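J.: Protein chains in written order, with the working numbering: chain A, 7 to 473; chain B, 221 to 497; chain C, 3 to 315. All residues carry an ideal CB built from backbone N, CA and C; glycine is no exception. Note that this is a predicted model, so its numbers are computed, not measured. Provided herewith is a single structure, encoded as structure tokens, for subsequent inquiry.
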């Protein structure tokens, strides 16, 4: 036993020595020191302006290629799966890695990255970004103290994407401003759903579409959970649509959802048994085209700008038959932001690349065309394309619409959003299915959120709150 | 055999075949999906192969260096399997057949550490690897295999139930060294047990995603599962779903081979396992 | 914790002293590589997590020492309690099916009278579900179990077993938990079967033959010979599946589309810990939860060991 104990002790000492010496490293580390271990930096002929970029989609590979042909500087693009990207960045940069120079983040990840001190100060570009790019993307790029740390090349404003032919039939017009009136509030949406139902149509594929309109107010403000009339209206509206059978039960990303974009489809409610189960997209479209009992059409979809492209690409015969208009509130969804690694040894080169991607009008114009429909956040470029008539959307001036929509977006993301939205979604499900009363569901919501975040509180005047 | 026994036997076979079908179906679906487009997979389901194999293969070969990922994964899996097998057997034998102080401590410690939820020790693990300066190398993906508590536990239980101590007496009298006894006598007796665990080790290493994803930074060093994830990282998942299944299906082939190899070993191990005196 | 001692071990103590002492040093030598790697790669990370459990730490930025705050919160956390309850339910379904099926198959393949053929091929087929990564399994089952479009409802309805489609994964919480248990059993029974077979293969076949000649019935052979001789392996299978079961995560995480739905029914303990650590960014609290879970598992294992050892004496 003595020997074993001695051995363990010796080992522990070695270990602690090892950890001491490596922990001491960052202290005496001068700018010229080569990276430890020789890791991933490849070879000696590396140029000063070559950088490494970590991202979660292929888009930036195209930017990097263009950058290389224009400047001769190589950008090595490393793509990661989005599900674990945040964890990967947290671990890697938590260890102050110098292996990467630029990395991306989505809006909801950014506050954590800022707080952790991973993002270098980009305030040299502040005035440029502030004046030339869409406002909400500037706000998302600033940390709590208003220091610019991330810049995006795109914007993802949301919209209601509606069927023009059905609009004409039901409302007598397909003008986006007119249709927007039918989506101006949750109450209006309920009325619109009633009207559409009388004609045999469904307002949405699934009431989950409403969730995009739930961010008019922040979820948490000054440490308090915000549940107000607006959120209750959202709950009521979802319940109304579900209980009155006004949606097509075509869940996002499911076969009937895709099928609905192309035309009529059989309505598959929980009450209906029968032969439509197990049909794939094409079968559903055929079944819908045959007409008859239980056939319906989906009037609209609520999605960010990239979602409009999904509708466009699955519209088949309906292509050009869609329009975009605004809903009860403006919103955005997703978006890729570029930021410089605080520990990078090529900060200048990294910043130059970000500048090229985000603040270069030519790049923005190029991307607008190359991406086949992505919306950029460069205001001048959007202005230039204002008169572009988008064939896929009934010759609407989509860029003009998106530009106007983006200006209205109120950036109010908090670190609690994911948890709050998740819990609120569960409360709505319980209410619409009749499992819980509104009061029970809302109370359980408060309880769930506070259990997960004891630092939060519920304002005393919140609905259904009893201490 | 009487008629009743025969029909019982037939029923048993039927049951086994049904169960096998249940186990094989998802595997088959995976292969089928590798031949369909992303859109087809997302919008429906089929038992018959589609016609998009070539298309999927094109996406895969254009985006991934599959050969490289294969070699990386194979290297890791072989190293891990070898280390797990050898060192776990050695430790299990040491714990089971030698009386030394500390044996109980080690055994208890490994039992306790089997119970620690692995998801959370991951954080400390990264910290450690970073302090050792081993980020972006294969060492942290291989070395921990030397200490595989669950395997040691299994092999200890196994060897205690199959190997009588008396077997060691003859060679000891002949003056064989303890190491030689282990290599020449104990290891072959443990073979079925080792093979059983080796399969698990190989598959575990081959399918391991989270730790390599966190540790490896250089794309060329990525093993297959991390590469596959890169494929699904491209925004429009529908165009890549079929290709993803194709990679998954291809990457299952070495596992099948490894499995066949080890399972043969288990079968041939029967005679070695049942030692008669 | 009691370590099951065997007759051979007890005998060893009585052997002549000198040779034994010297030889037993090899025991230490044989265990040394394991012990070293174990200390570095298992104990150190867990020690680090333990340290974290006393901190207010987001996983980045500052760490502040908060004494036992995280543990106090953990013991009062109703969501964690619910999640643990869910885990027990899913694991319960899983273990009964998984071990039951594995034992049944072991008995079938070792029956002296029927002498079933094709063990190799069947074993390979039963093991197939283990070969596919959990992500693919979950994706396939989500597709198969979709209540509107899934083939399983389609088949059941065509066969007339059910008249209404069953909402497997998005309806009642209980149904979804049952599904997770069954899918888990499907995934892992082949593995348990292989373990048990490996154990049985170690048993001298002459025992069975002798018993059969003596006229022992099938049940007698199973309960008097197979089971007792299988005990060490059974203990292994039981303990590992207990440990694995209480750490259930991947399957419910993926089957519920990472949200734990319906309601919170598919949240397991580790799922909740994972969400706390990586979605809510409360690393310190998650570490404390992990240790509470570890304590619970340890208690369960202690009970399992006691039960298994009692039978032996």
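#1: Since residue 58 of chain C sits in a beta bridge, which residues does DSSP pair it with?
#2: Answer with yes or no whether the minimum CB distance from residue 121 of chain A to chain C is below 8 Å.
#3: Rounded to the nearest angstrom, what separates residue 455 of chain B and residue 68 of chain A at their Cα positions?
#4: Tell me residue 331 of chain A's beta-bridge partners as DSSP assigns them.
#5: Using a Cβ-Cβ distance under 8 Å, would residue 29 of chain A count as near chain C?
#6: Based on DSSP bridge pairs, tell me the residues matched to residue 227 of chain A.
#7: Buried or exposed: residue 165 of chain C, going by 16 or more other Cβ atoms within 10 Å of its Cβ?
#8: Kindly indicate which residue of A:441, A:168 and A:304 has the alpha-carbon position closest to the one of residue 327 of chain A.
#9: What are the uninterrupted segments assigned as alpha helix (DSSP H) that are 4 or more residues long and contained completely in the region 390 to 434 of chain B, given in chain order?
#10: Which same chain residues, not among the five before or five after residue 131 of chain A, have their C-beta less than 6 Å away from its C-beta?
#11: How would you list, in chain order, the residues of chain B whose beta-carbon sits under 7 Å from the beta-carbon of residue 242 of chain C?
#12: From the DSSP secondary-structure annotation, give me the bridge partner or partners of residue 160 of chain A.
#13: From the beta carbon of residue 139 of chain C, is the nearest beta carbon of chain B less than 8 Å away?
#14: Give the DSSP-derived three-state secondary structure of residue 350 of chain A in the structure shown.
#15: If you drop the 5 nearest sequence neighbours on each side, which residues of the same chain put their C-beta closer than 6 Å to that of residue 465 of chain A?
#16: Relative to the alpha-carbon of residue 251 of chain B, which residue among B:298, B:464 and B:354 has its alpha-carbon at the smallest distance?
#17: Is the separation between the beta-carbon of residue 434 of chain B and that of residue 471 of chain B shorter than 8 Å?
#18: If I measure Cβ to Cβ from residue 307 of chain B and keep anything under 6 Å in the same chain, skipping five residues before and after, which residues do I get?
#19: Using CA atoms only, rank isn't needed, just tell me which of C:74, C:88 and C:279 is closest to residue 254 of chain C.
#20: Can you name the start and end residues of the beta strand (DSSP E) that residue 259 of chain A belongs to?
#21: Using 7 Å as the cut-off, classify the Cβ of residue 212 of chain C as near or not near the heavy atoms of the ligand HEM, replying yes or no.
#22: Report the three-state DSSP secondary structure of residue 62 of chain A (helix, strand or coil).
#23: Residue 418 of chain B: which of B:297, B:288 and B:441 sits nearest, CA to CA?
#24: According to DSSP, which residues form a beta bridge with residue 310 of chain A?
#25: Reducing DSSP to helix, strand and coil, say where residue 207 of chain A ends up.
#26: Can you check DSSP and say which residues form a bridge with residue 57 of chain A?
#27: For the alpha helix (DSSP H) holding residue 109 of chain A, just list the boundary residues, first then last.
#28: Would you mind reading off the limits of the alpha helix (DSSP H) that contains residue 276 of chain B?
#29: At a Cβ cut of 8 Å, what residues of the region 164 to 192 of chain C count as close to chain B, listed as they run along the chain?
#30: For residue 411 of chain A, which of A:99, A:163 and A:255 has the nearest alpha-carbon?
#31: Okay, do the region 52 to 69 of chain C and the region 283 to 293 of chain C touch, 3+ Cβ pairs below 8 Å being the bar?
#32: Beta carbons nearer than 7 Å to chain A: which residues of the region 270 to 285 of chain C have them?
#33: For chain A, find out if any of its Cβ atoms is closer than 8 Å to the Cβ of residue 261 of chain C; answer yes or no.
#34: State buried or exposed for residue 221 of chain C, treating a residue as buried only when at least 16 other CB atoms are found within 10 Å of its CB.
#35: Assuming residue 380 of chain B contacts residue 316 of chain B under a Cβ cut-off of 8 Å, what Cβ separation, rounded to an integer in Å, is found between them?
#36: Tell me which same chain residues have a C-beta within less than 6 Å of the C-beta of residue 488 of chain B, skipping the five on either side of it?
T.: Let me lay it out:
#1: C:66
#2: yes
#3: Note that residue 455 of chain B scores a pLDDT of 49, beneath 50, so its modelled location is shaky; the value from the coordinates is reported in the next line. Using only the alpha carbons, I get a separation of about 14 Å.
#4: A:166
#5: Residue placement at residue 29 of chain A is poorly supported in this model, since its pLDDT is 34, which falls under 50; the coordinates still yield a value, given next. Not one chain C Cβ lies under 8 Å of residue 29 of chain A.
#6: Its beta-bridge partners are A:230.
#7: exposed
#8: That would be A:168, whose Cα lies nearest to the Cα of residue 327 of chain A.
#9: Complete alpha helix (DSSP H) runs here, min 4: 398 to 401 and 407 to 427.
#10: none
#11: 370
#12: According to DSSP, residue pairing for residue 160 of chain A in a beta bridge involves A:382.
#13: yes
#14: Residue state, collapsed to three classes: coil.
#15: Excluding residues within five positions, the ones whose Cβ falls inside 6 Å are 230.
#16: Checked all of B:298, B:464 and B:354; the closest Cα to residue 251 of chain B is B:464.
#17: no
#18: 366
#19: C:88
#20: No beta strand (DSSP E) contains residue 259 of chain A, which DSSP labels as neither H nor E.
#21: Absence of the ligand HEM from the depicted structure is noted, as is the absence of any ligand whatsoever, leaving it without description.
#22: coil
#23: B:297
#24: Beta bridge pairing from DSSP links residue 310 of chain A with A:164.
#25: strand
#26: A:81
#27: Premise fails: residue 109 of chain A lies in the beta strand (DSSP E), 108 to 111, not in any alpha helix (DSSP H).
#28: 273 to 283
#29: 188 and 192
#30: A:163
#31: Yes: at least three Cβ pairs fall under 8 Å.
#32: 280, 281, 282 and 283
#33: Interface residue, yes.
#34: exposed
#35: About 5 Å separates the Cβ atoms of residue 380 of chain B and residue 316 of chain B, confirming a contact at the 8 Å cut-off.
#36: Residue placement at residue 488 of chain B cannot be trusted, given a pLDDT of 39 that sits under 50; what the coordinates show is reported in the next sentence. If we look at residue 488 of chain B and ignore the five residues flanking it on each side, it has no Cβ neighbours.
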